[in-house]
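For what it's worth, this note's numbering labels the leading residue of the sequence shown as 226, then goes sequentially.
Encoded as structure tokens, the structure appears first; notes follow it.
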Amino acid sequence: GLLWFTSYASNRVGKITTGGTITMYSSADFNGPIGICSGPDGNLWVTSFTNDKICKVTTAGVVTAYTSAGNIDGPQGICSGPDGNLWTANSASSKVCKTTTAGVTTAYTDANFSGPIGICSGPDGLLWVTSYTNNKICKVTTSGTVTAYTDVSLDGPLGICSGPDGNLWATGYLGPAIYKITTS
226 GLLWFTSYAS
236 NRVGKITTGG
246 TITMYSSADF
256 NGPIGICSGP
266 DGNLWVTSFT
276 NDKICKVTTA
286 GVVTAYTSAG
296 NIDGPQGICS
306 GPDGNLWTAN
316 SASSKVCKTT
326 TAGVTTAYTD
336 ANFSGPIGIC
346 SGPDGLLWVT
356 SYTNNKICKV
366 TTSGTVTAYT
376 DVSLDGPLGI
386 CSGPDGNLWA
396 TGYLGPAIYK
406 ITTS
């Protein structure tokens with residue numbers, strides 16, 4: 226029932242009540258925390274960008290970090306996937322990774338990934354990823370099959386989320402713009 230957030234500059238994760246009370250948690254495993262999501266296991270999951278980790282954070286602030294040499298590399302976006310795993314967009318390695326709640330990671334590469342930053346679980350049961358440096362939006366199955374979409378209006382897509390209207394919504398950094406993307 227609280228809002229959780231990352232603080233990149235202070236290397237902390239925090240929670241805020243509806244009354245405005247903030248509690249911050251620090252950990253040696255946080256180094257540039259960016260993405261955060263609620264996991265399928267009831268914990269919060271955080272990407273730690275500059276030290277290539279994803280971290281499980283309990284609601285009491287206890288942190289467990291996971292790494293996967295060469296796979297989790299510059300993780301930014303994170304989401305709880307339709308398959309009960311955590312999915313990350315790893316901009317430094319241009320990979321999308323699936324991580325179980327026990328910390329086992331599988332990496333997926335595709336020529337269409339170029340600086341993936343944002344990731345979300347779509348209304349169609351698939352993962353949707355922004356590919357920042359080549360201006361693409363990629364649809365990814367839970368087995369790692371990628372379909373890429375380009376549009377002349379895409380200009381540095383960053384964040385992406387599933388909207389209440391059944392579409393995907395993404396932000397553009399270079400545009401700047403907000404994009405509505407259908408699942409087709």
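Just so it is clear, CB atoms sit at the ideal spot from N, CA and C, and this is done for glycine as well.
Treat the numbers as computed from the prediction; the structure is a model and nothing was measured.
For S387, the uninterrupted beta strand (DSSP E) run begins and ends at 382 to 387, by DSSP.
From the listed residues Y291, V354, A317, N310, the smallest Cα separation to P265 is found for N310. DSSP, reduced to helix, strand and coil, places F230 within a strand of the structure shown. Residue state for T375 is assigned as strand, using DSSP reduced to three classes. DSSP, reduced to helix, strand and coil, places T334 within a strand of the structure shown.
For V377, the closest alpha carbon among the candidates S318, A294, W394, N359 is that of N359.
Nearest C-alpha to S387 among C304, D254, V371, L227: C304.
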